[in-house]
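>
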Amino acid sequence: MEGFLAATVIASMPLLFATIGEIITEKSGHLNLGIEGLMLMGAIMGFVVGYGSGSPFMALLGAVLAGAAGSLIYAFLTVSLRANQVVTGLTLTIFGTGFASFIGKTYVGMVVPQEIKSFFRQVDVPLLGDIPFVGPVFFQQDIFIYFGYLLVLVSSIYLFKTRTGLNLRAVGENAAASDASGINVTLYKYIHICLGGGLCGLGGAYMSLVMMSVWQENVVAGRGWIAVALVIFASWNPVKALIGSLLFGGLSILGFRLQSMGIHISQYWVDMLPYAATIVIIILSSTKNKKENQPPADLGNPYFREER
Amino acid sequence: MKKLLVILLVLTLSMTAMAGCGGDTGGGDGGAEDVTTIGFLYIGPITDGGYNQAQHEGYTAVKDYFGDSVNLLYAENVAEDIQAVKTNAINMIDNGASIIIATSFGHMDGMEELANEYTDVTFLHFSGYKKNDTNFGNYFGAMEEARYLSGIVAGMTTKTNKLGYVAAYPYTEVRIGINSFYLGAKSVNPDVTMNVVYINSWGDAALEQAAAESLLAQGCDVLTQHADTSAAQTAAEKAGCYAVGYNIDNSAVAPGSFLTAPVWHHEAYLIPVIEKIIAGEYVPESYYGTMADGYIGLAPLTSLVSDEAKTEVEKVQDQIVAGEYPIFVGPLKDNEGNVVVEEGKALTTHDEIWAIDWVLEGITAIQ
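In the order they appear, the protein sequences are chains Y and A. Under the working numbering, the residues of the first sequence are numbered 8 to 315, in order. Under the working numbering, the residues of the second sequence are numbered 83 to 449, in order.
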């Protein structure tokens, strides 16, 4: 059981980074469906830089920059040129997938250098790691995962307890009013779209550098889409995103555990569960109609100052 | 003006993306008169470290053997649907191809339609069962022979007496592999049991890895796979366990875990059959290559394999090559207790073996 839960935490990490990235993006009023592509761009650039330099920091920096650069294209198209956000996001997914395959062509089957492998080895947290049950599950993991916990904390505080976080949410709720109150809407949108993209890139890099540690084509395999669903599941809250990622990550590996224990349940049923859960959550949150569970009011609307 | 710019940018972006993920067609230049143009269709990338790479090694061997007298084309990521197969193949035929080789099971129906439409082109299909009398044949191999040998290695390496098998689909070809691998292990280690996890995909690195990890968590210490990538081998290496690969020799990818792998030598069939086609002597057939033909083989055993296991494998391999060692010998029971091969009988013909719809006693697997 502990083994399963510890594996769940690992499986949930790419989802967590991508989901928080998308939450930050959507809080600025932009729906970015390019997560899958951004994750793949981060995965390949993290791998390429890590493979070339042998430095874990350079690898992570490469992943963040790749994700941010990808979403900069998106930001330019949707913020400055006011292109349709859905179409642009989808295009970005196709672009990112192709980009990763193209760059990754010569890297397929190559292994992450030993320096990076040992940097992301299991490190037990003193004291916390000794707690029975909770310790082995949450605090005997690699350093990337601890960074994930920290990200949940920092992004929650940032979004809900700081002035810039408040401004960001205001931009997402009503760009015109924010503009009138003196917030630089365009700057906020650009920064947070790129920040969100960078986090998606990190999620992808976790898969290529730590989980697989071998470059394989299309490592992300649809997790970007699950992250889109998770944002709604989490009702734009990083803490709920952690819970959702753990749930979805757990369900994604549950089927194999059941199979290898000889429990007869169709893999298709297990694969369906996360999506069925999302539908249930969407129905529940829409019937409850609580204000804080709603998407940012200006989500998906391009902002024209002239049309104010 | 701005709108125009937006449209242009989105178009450029999507064009770049299309170019990135469409099946790239690579290959030689060709053009001379007595040059035969041959097109290969692959389901994945040729550098996947497994299935497609093995297919492409066949391509490379054909190229080396025939040199300038052939012009080879290939297309990667050809989906398993009729439209994708036809689009890629017709593109190759327009470029002068007179032989089309498709290498994934799901390419079969597209190949059948093409064979009816292009009667002057020869179509060869790997892993399918359809053919006609004039220009469409299929080929496959007795992978069970090499699987059995790799099972011997696994059976002599395991310390927990528990093997793990990452499998694609609960389908005949996969079951043949599962059973023959297990029989090999059991022949040297009567206490061995095996757990199978189906991932419902031919190749998905992340799924293969997750499946491998679940098997390792169950105490399996030697893994093998019937899936396209090397993920099971790297997962085993991380856990300090062992792995038997599949399709190609992957000792460089996971040197800490890799024992051996049952491998394909596609050129052993492709070179003679292409010679026949060029000479106009080809008659469509269902080729089933064996170890004796050199079509199936075992990757060199690495230094992780014990000397006893090496001797045992060599002994059995000689008998298999001599045709004196059937793999499925009764009495055999399936994991529901039914007798599937009676005492004194053995499955020897292709049709008998390809009727396997059970997994053996001692194997945990859903059906």
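The C-beta atom is built at its ideal place from N, Cα and C for all residues, glycine as well. Nothing here was measured: the structure is a model prediction, and the numbers come from that model.
With a CB to CB cut of under 7 Å and the five nearest residues on each side skipped, what residues in its chain are close to Y/Val144?
Glu9, Leu12, Ala13, Val16
> Rounded to the nearest angstrom, what separates Y/Pro139 and Y/Leu45 at their Cα positions?
38 Å
> Should the stretch 297 to 305 of chain A be called in touch with the stretch 324 to 334 of chain A, which here means at least 3 C-beta pairs below 8 Å?
yes
> Spell out a yes or no on whether the stretch 230 to 237 of chain Y and the stretch 36 to 43 of chain Y are touching, meaning 3 or more CB-CB pairs, one atom from each, closer than 8 Å.
With the cut-off at 8 Å, the stretch 230 to 237 of chain Y and the stretch 36 to 43 of chain Y touch.
> How is A/Ala55 classed by DSSP in three states: helix, strand or coil?
Limits of chain A in this structure are 83 at one end and 449 at the other, which puts residue 55 of chain A out of reach.
> With 7 Å as the C-beta to C-beta threshold (strictly closer), list the residues of the stretch 316 to 348 of chain A near chain Y in chain order.
Thr316, Val335
> Please list, in chain order, all residues of the same chain as A/Ile164 whose beta carbon is under 7 Å from its beta carbon, the five residues on each side excluded.
Excluding positions up to five away in sequence, the list reads Asp191, Gly192, Glu195.
> Rounding to the nearest angstrom, what Cα-Cα distance links A/Leu429 and A/Thr372 in this structure?
15 Å
> Taking DSSP's pairing of strands, which residues face A/Ala428 in a bridge?
A/Val411
> So, is A/Ser116 buried or exposed, given that buried needs 16 or more other C-beta atoms within 10 angstroms?
Inspection of the sequence shows that residue 116 of chain A is occupied by Asp rather than by Ser. That one is exposed.
> Please classify A/Lys244: does DSSP put it in a helix, a strand, or coil?
Strand at A/Lys244.
> Can you tell me the Cα-Cα spacing of A/Gly178 and Y/Ala50, whole angstroms?
39 Å
> Spatial neighbours of A/Thr185 within its chain, please: CB distance less than 6 Å, with the 5 preceding and 5 following residues excluded, ordered by chain position.
Counting only Cβ-Cβ distances below 6 Å, and skipping sequence neighbours, we find Tyr124, Gln137, Phe208.
> Given that a residue counts as buried once 16 or more other Cβ atoms are within 10 Å of its Cβ, and exposed if not, what is A/Asp286?
buried
> Does the Cβ of Y/Met279 have 16 or more other Cβ atoms within 10 Å, making it buried, or fewer, making it exposed?
exposed
> Would you say Y/Glu224 lies against chain A (beta-carbon separation less than 8 Å)?
yes
> Can you give me the Cβ contacts of Y/Ser273 inside the same chain, cut-off strictly under 7 Å, excluding the 5 residues immediately before and after it?
Cβ within range, chain order: n/a, list empty.
> Would you please state the rounded distance, in angstroms, between the beta carbons of Y/Ala234 and Y/Glu29? I believe it to be under 8 Å.
6 Å
> To the nearest angstrom, how far is it from the Cα of A/Thr448 to the Cα of A/Asn277?
At residue 448 of chain A the sequence reads Ile, which differs from the Thr that was named. So the two alpha carbons sit approximately 10 Å from each other.
> Comparing the C-beta of A/Pro413 with each C-beta of chain Y, is any distance below 8 Å?
Not closer than 8 Å to any Cβ of chain Y, the Cβ of A/Pro413 fails to qualify, so no.
> Starting from A/Phe340, trace the alpha helix (DSSP H) both ways and give me its first and last residue.
Careful: A/Phe340 lies outside any alpha helix (DSSP H) and carries neither H nor E.
> Would you say Y/Gln5 lies against chain A (beta-carbon separation less than 8 Å)?
For chain Y, the structure presents residues 8 to 315; residue 5 of chain Y sits outside this window and is missing.
> List the whole-angstrom C-beta distance separating A/Gly426 from A/Gly405, where the pair is believed to meet the contact cut-off of C-beta under 8 Å.
No, A/Gly426 and A/Gly405 are not in contact; Cβ-Cβ is about 19 Å, not under 8 Å.
> For Y/Ile150, tell me which candidate among Y/Asp137, Y/Phe126, Y/Ala107, Y/Gly142 has the shortest Cα-Cα distance.
Comparing Cα-Cα distances from Y/Ile150 to each of Y/Asp137, Y/Phe126, Y/Ala107, Y/Gly142, the minimum goes to Y/Phe126.
> Hey, could you find the ends of the alpha helix (DSSP H) A/Val144 is sitting in?
133 to 148
> Do you know whose CA, among A/Leu265, A/Asn217, A/Tyr377, lies nearest A/Pro225's CA?
In the sequence under discussion, the amino acid at residue 225 of chain A is Met, which differs from the Pro named in the question. The shortest Cα separation from A/Met225 among A/Leu265, A/Asn217, A/Tyr377 belongs to A/Tyr377.
> Comparing C-alpha positions only, which one of A/Tyr211, A/Ile402, A/Ala336 sits nearest to A/Thr384?
Ranking the options by Cα distance to A/Thr384, first place goes to A/Ala336.
> Between A/Gly140 and A/Ile120, what straight-line distance do the alpha-carbon atoms span, to the nearest angstrom?
13 Å
> Counting only Cβ pairs nearer than 9 Å, list the residues of chain A close to Y/Ala14.
Ala292, Glu295, Ser296, Ala299
> By DSSP's criteria, A/Trp346 is part of a beta bridge. Which residues make up the other side?
A/Ile378
> What is the DSSP secondary structure of A/Gly109, counted as helix, strand or coil?
Note on A/Gly109: pLDDT 46, under 50, position unreliable in the model; no value is reported.
> Just mark Y/Gly155 as buried or exposed, buried being the case when its beta carbon has 16 or more other beta carbons within 10 Å.
buried
> Using a Cβ-Cβ cutoff of less than 6 Å, which residues in the same chain neighbour Y/Ala18 once the five nearest sequence positions on both sides are dropped?
So the qualifying residues of the chain are Gly256, Ser259, Ile260.
> Going along the chain, which unbroken runs of the alpha helix (DSSP H) with 4 or more residues stay wholly within the stretch 181 to 224 of chain A?
190 to 199
> Is the CB of Y/Phe311 under 8 Å away from at least one CB in chain B?
This model lacks chain B altogether; the protein chains it does include are Y and A.
> Is it right to say Y/Val246 is buried, meaning 16 or more other beta carbons lie within 10 angstroms of its own, or is it exposed?
exposed
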